[in-house]
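Structure record follows, encoded as C-alpha cells.
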Amino acid sequence: MPTIVLNGEPRPTSEGQSVADLLRELGLDARQVAVERNRDVVPRAEHGQTVLADGDQLEVVTFVGGG
Amino acid sequence: MSNTIEAKTHDDHGEDTWELAGRTLRSRLIVGTGKYADEAETRACLAASGAEIVTVALRRVDLKAKDNLLGWIDRDRYTLLPNTAGCYTADDAIRTLRLARELGIADLVKLEVIGDPKTLLPDNEQTLAAAKILVDEGFTVLPYCTDDPIVCRKLQELGCAAVMPLAAPIGSGLGIRNPHNLALIIEQSTIPVIVDAGVGTASDAAVAMELGCAGVLMNTAIAQATRPVQMADAMRLGIIAGRKAFLAGRMPRRMHAHASSPTIGLIE
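Chains L and U, in that order, give the protein sequences. Take 27 as the starting number for the first sequence in my numbering and just add one per residue. Take -9 as the starting number for the second sequence in my numbering and just add one per residue.
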C-alpha cells in the first residue's frame, strides 16, 4: 500500500487516490485549505487530477489567528 | 464664528482616508487575530477596533478543530493579510505566501522573516531577498522590518506597497523606542509607513500617528490587555487622536514656560 507523509505524519493511502479524494477523506472543505505536494503548490483546480504517489510529502494548511 | 471653526475641525482635510496598494481605507488600525481567548473575543475585538485589514497566519490544518477561521470571518468586512510569522528564511516565507495565495486571498501579504527566536527581530537581509522575489511574482508586499531608514528605502525601491518598521520587538509592548528613526523613515518614504509591533497601549499608537505614520499594526496590545475589547476601542480612539493631532500640527517645544494668560492688566 502506498504511503504518503501528511503534515509530517506517515499515512497509508489507496492506489490512485487524488488530492481531492484525500481532502474528502479528511473531511476538509477544499475552499478552506491549500495543498503543497513535494514543495510545490497544487492549485485547487488540479486537486482532482493530482494522484498521490508513494513517498509524496503533503502539506495541507489553512489560516489561523495570528499577528 | 466659533461655530464655523468647530464645524471645520473635522473637515479641513476632507475625509481622512488613505491609500494602500490601490485600496482606499478609512481605518488606520490594522489588527492581528492571534492570542485571543476564543472566536467570540476575536470577533468582538475586531469590531471594536474598527479595523478593515486583519492579519492571519498559515498553519497545518488541525483535523480535530471544529472551526476554521475562514468559516467564520466576514471577508466582505475584513481584508485578510496573511503573514509569514515563524519563517526564518526567505525561502520559507515565499513558500508560505504561495500557499496563502492559493487560499484565494488577494495578493496583499505581510512579509516577516525573523532572525532570532528570543528577540523576534527581523532578518533584513532575508526580508529584502524575499521581497524582491515576491514583488516579481505579483504579490503586494507589506514588509515588517527594523526601524532602519536604509532598509526601508531599499524595500521601497524594490516595489513594496508599504514599509512596516517596528516600534519595539513583537509582543514586547515597549512602545515607540526610536521616534527619530521613524520620523526619518516617514520623511523619505513615498509609500505608506505602518508601525508594526511593539505598541503597548493607546498612547503609543497615538505617538506613532503624531509622527505621521499612515497606520499602526498591532495584536498583543489588544489581545493581552486585561479587557481586550475595551483596549481595542481605546486603540481605535488613540489612532484617531494621534492622527488628528498630526493634522492639527503640534506647538513647538519650548525650554521655558510661556504664560497663557495676559501679563498686562494685573491688579495691583
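We treat Cβ as the ideally placed atom computed from N, Cα and C, and that holds for glycine.
query, result
"Euclidean distance between Cα positions of Thr216(U) and Pro36(L)", "42 Å"
"Ala213(U): CB within 6 Å of a non-hydrogen atom of the ligand NAP", "Of ligands this structure carries none, so the ligand NAP is not represented either."
"Member of Ile104(U), Asn114(U), Glu29(U) and Val99(U) whose CA lies at the smallest distance from the CA of Phe129(U)", "Val99(U)"
"Under 8 Å by beta carbon: chain L residues contacting Arg85(U)", "Glu62 and Arg65"
"Simplified DSSP assignment, three categories, for Ile175(U)", "helix"
"Beta carbon proximity, Leu60(U) to chain L, threshold 7 Å", "yes"
"Nearest neighbour of Ile84(U), chosen from Glu42(U), Ala119(U) and Ile184(U) [CA to CA]", "Ala119(U)"
"Spatial distance of Glu29(U) from Ala247(U) (CA atoms)", "51 Å"
"Separation of Val197(U) from Leu49(L), as counted between CA atoms", "48 Å"
"Expected contact under 8 Å - CB spacing of Asn73(U) and Gly91(L) to nearest Å", "So it is not a contact: roughly 11 Å between Cβ atoms."
"Lys100(U): first and last residue of the uninterrupted beta strand (DSSP E) it sits in", "Leu98 to Leu101"
"Start-to-end residues for the beta strand (DSSP E) that takes in Cys135(U)", "Thr130 to Cys135"
"CB contact check: Arg259(U) to chain L, cutoff 7 Å", "There is no way to answer for residue 259(U), as the model of chain U reaches only from -9 to 258."
"Cβ-based contacts, 9 Å cut-off: residues of the stretch 197 to 210 of chain U near chain A", "Looking for chain A here will not work: the only protein chains present are L and U."
"Sequence-distant residues of its chain with Cβ nearer than 7 Å to Leu164(U) (five each side left out)", "Ala158, Gly188 and Gly190"
"Alpha carbon of Cys150(U) to alpha carbon of Glu41(L), nearest angstrom", "45 Å"
"Beta bridge counterpart(s) of Trp8(U) as assigned by DSSP", "Leu15(U)"
"Buried or exposed by the 16-neighbour rule on C-beta atoms within 10 Å, applied to Ser179(U)", "buried"
"Neighbourhood of Ala192(U) by C-beta, 6 Å cutoff - its chain only, sequence neighbours within 5 removed", "Ala224, Met225 and Gly228"
"Residues of the stretch 2 to 34 of chain U whose Cβ lies closer than 8 Å to any Cβ of chain L, in chain order", "Gly22, Thr23, Gly24, Lys25, Tyr26 and Thr32"
"Ile254(U), buried or exposed, once every other Cβ within 10 Å from all chains shown has been counted against 16", "exposed"
"Those residues which DSSP pairs with Phe89(L) across a bridge", "Leu48(U)"
"CB contact flag (Val87(L), Ala60(L), <7 Å)", "yes"
"Glu51(L): contacting residues in chain U (beta-carbon distance under 8 Å)", "Going along chain U, no residue has its Cβ under 8 Å from Glu51(L), so there is no contact; the nearest lies around 11 Å."
"Contact check, Leu148(U) vs Ala173(U), beta carbons under 7 Å", "no"
"Rounded distance between the beta-carbons of Ile175(U) and Ile20(U), thought under 8 Å", "Contact doesn't hold; Cβ gap of about 17 Å is too wide."
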